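Novice:
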Amino acid sequence: MKSITDTYRLSNGKTIPCVGFGTWQTPNETAVESVKNAIKCGYRHIDTASQYGNEKSVAQGIKESGINRKDLFITTKLWNDDRGYDSTLKAFDKSMKELNLDYLDLYLMHWPAVGKDGDKINHETWKAFEKLYKEGRIKSIGISNFLVHHIQPLIDKAEVKPMVNQLEFHPGYTQPEIVQFCHKNDIVVEAWSPLGSGSVLKNPKLTEIAKKYNKSTAQLCIRWCLQNKTLPLPKSVTPERIIANTQVFDFNISDEDMKIITQLPKMGFSGLYPDEN
67 MKSITDTYRL SNGKTIPCVG FGTWQTPNET AVESVKNAIK CGYRHIDTAS
117 QYGNEKSVAQ GIKESGINRK DLFITTKLWN DDRGYDSTLK AFDKSMKELN
167 LDYLDLYLMH WPAVGKDGDK INHETWKAFE KLYKEGRIKS IGISNFLVHH
217 IQPLIDKAEV KPMVNQLEFH PGYTQPEIVQ FCHKNDIVVE AWSPLGSGSV
267 LKNPKLTEIA KKYNKSTAQL CIRWCLQNKT LPLPKSVTPE RIIANTQVFD
317 FNISDEDMKI ITQLPKMGFS GLYPDEN
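Take 67 as the starting number for the sequence shown in the working numbering and just add one per residue.
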């Protein structure tokens, strides 16, 4: 990857920009400007979700950016309360209205249903995703926070395999089993919270390695995600940091440093477990 508009190829042949702009925990009052700033800085991939409560503000930021719709890749997600065939279709229509879109580039099931009927609910929900995909209302479909024991039953019954799995992925929380599963099955891994939390950005070893490349710890984390063949979704509302998070294509982390970063102890984990949502 050499620029923010370089792309990964999805299993259905569509392409997706290799870095996305995350909007999790971005309130409405700042989402409009942050999305505008992100697009101005070169982002063409915007990630939101119905549960974030900011789809309308994200849409306003896109509109005010003046960018052509066809030049953007826009993702939103189905929230847990809306799982199920009919409720998924209704929730999708609501998100499309909030986003003011004629089509969506990527729709994700935000969390897997778990428990006794979890697989059945996931399958019913996925059938609605497949319907919307076949109708051309969504260009690509995927999942989020699915581990192997959630995704395998879904794939076994699916007519259309998920093209993306969005996971928490950053130094200190690497989830190797599911990441390897996705890579093996041609499912692109998107990395949410690629900067972890404050404990990641202040980690002495990461800070030391970042200085070697004359980069910030945040830039190192984003580059590490890319070199792990994942798609980072950094989030910021600060214009300077939004710009800085795009400046990750002029250096390469050595194999030795990649290994050191990957082997760091657990840190920065959100505390959100898929089997508890």
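From the three backbone atoms N, C-alpha and C, an ideal C-beta is built for every residue, glycine too.
These numbers were taken from a predicted model, which means no experiment stands behind them.
Buried or exposed: where does S69 fall if 16 or more other Cβ atoms within 10 Å of its Cβ makes it buried?
Specialist: Position 3 of the sequence shown, counted from the first residue, corresponds to residue 69. The residue is exposed, with fewer than 16 neighbouring Cβ atoms inside 10 Å.
Novice: Please report whether the beta-carbon of E243 lies at a distance below 8 Å from any beta-carbon of chain C.
Specialist: Protein chains in the displayed structure number just one, and chain C is not present.
Novice: Going by beta carbon distance, what residues of the same chain come within less than 6 Å of A257, once the five residues before and after it are set aside?
Specialist: Here residue 257 refers to the residue found at position 191 when the sequence shown is read from its first residue. Closer than 6 Å at the Cβ level, and outside the excluded window around A257, lie F235, C291, T296, P298.
Novice: Could you compute how far the alpha carbon of S259 sits from the alpha carbon of E201?
Specialist: For the purposes of this step, residue 259 is taken as the residue at position 193 of the sequence shown. For the purposes of this step, residue 201 is taken as the residue at position 135 of the sequence shown. The alpha-carbon atoms of S259 and E201 are separated by roughly 32 Å.
Novice: In whole angstroms, give me the CA-to-CA distance for S77 and N311.
Specialist: Translated into the one-based positions of the sequence shown, residue 77 becomes position 11. Translated into the one-based positions of the sequence shown, residue 311 becomes position 245. Going by the C-alpha atoms only, they are around 27 Å apart.
Novice: Would you say the segment 312 to 328 touches the segment 269 to 285, given that touching needs at least three Cβ pairs under 8 Å?
Specialist: A contact between stretches requires three or more CB pairs, one per stretch, nearer than 8 Å, and the segment 312 to 328 meets this requirement with the segment 269 to 285.
Novice: Hey, how far is the Cα of S263 from the Cα of M175?
Specialist: Here residue 263 corresponds to residue number 197 of the sequence shown, with the count starting at 1. Here residue 175 corresponds to residue number 109 of the sequence shown, with the count starting at 1. Their Cα atoms are separated by approximately 24 Å.
Novice: For V98 and Q117, which I take to be in contact (beta-carbon distance under 8 Å), what is that distance rounded to the nearest angstrom?
Specialist: On the sequence shown, residue 98 is found 32 positions in, with the first residue counted as 1. On the sequence shown, residue 117 is found 51 positions in, with the first residue counted as 1. With a Cβ gap of about 19 Å, V98 and Q117 do not count as contacting.
Novice: I'd like the list of long-range same chain contacts for M162, defined as Cβ closer than 7 Å, with 5 residues on each side in sequence excluded.
Specialist: In the sequence shown, the residue the question calls residue 162 occupies position 96. Excluding residues within five positions, the ones whose Cβ falls inside 7 Å are L170.
Novice: Going along the chain, which residues of its own chain have a beta-carbon closer than 6 Å to the beta-carbon of F247, five neighbours each way excluded?
Specialist: To locate residue 247, count along the sequence shown from 1; it is residue 181. Counting only Cβ-Cβ distances below 6 Å, and skipping sequence neighbours, we find V214.
Novice: Thinking C-beta only, is I82 closer than 8 Å to T73?
Specialist: Position 7 of the sequence shown holds residue 73. Position 16 of the sequence shown holds residue 82. In this structure, I82 lies closer than 8 Å to T73 by Cβ.
Novice: What residue range is occupied by the uninterrupted beta strand (DSSP E) comprising M175?
Specialist: One-based indexing of the sequence shown puts residue 175 at position 109. That run of the beta strand (DSSP E) goes 170 to 175.
Novice: Take P237 and list the residues in its own chain whose beta-carbon comes closer than 7 Å to its own, dropping the five residues that flank it on each side.
Specialist: Taking the sequence shown and counting its residues from 1, one reaches residue 237 at position 171. Closer than 7 Å at Cβ, skipping near neighbours: G262, V266, L272, C287, W290, I327, L330.
Novice: Buried or exposed for Q232, going by 16 or more other Cβ atoms inside 10 Å?
Specialist: Residue 232 sits at position 166 when you count from the first residue of the sequence shown. So Q232 counts as buried.
Novice: Under 8 Å Cβ to Cβ from E243, same chain only, skipping five residues before and after it: list those, please.
Specialist: The residue you call residue 243 lines up with position 177 of the sequence shown. L213, V214, listed in sequence order.
Novice: What three-state label does DSSP hand V255 in the structure shown?
Specialist: Translated into the one-based positions of the sequence shown, residue 255 becomes position 189. If DSSP states are grouped into helix, strand and coil, V255 belongs with the strands.
Novice: Count the other C-beta atoms from every protein chain shown that fall within 10 angstroms of the C-beta of Y199, then say buried if there are 16 or more, exposed otherwise.
Specialist: Position 133 of the sequence shown, counted from the first residue, corresponds to residue 199. Looking at its Cβ environment, which holds 16 or more other Cβ atoms inside 10 Å, Y199 is buried.
Novice: Can you tell me whether D147 is buried or exposed, with buried defined as 16 or more other CB within 10 angstroms of its CB?
Specialist: Indexing the sequence shown from 1 puts residue 147 at position 81. It counts as exposed.
Novice: Taking its Cβ as the centre, do 16 or more other Cβ atoms sit within 10 Å of G337, making it buried, or is it exposed?
Specialist: Here residue 337 refers to the residue found at position 271 when the sequence shown is read from its first residue. Under this definition G337 is an exposed residue.
Novice: Tell me N231's beta-bridge partners as DSSP assigns them.
Specialist: Stepping through the sequence shown from its first residue, residue 231 is reached at position 165. Answer is I209, V255, bridged to N231.
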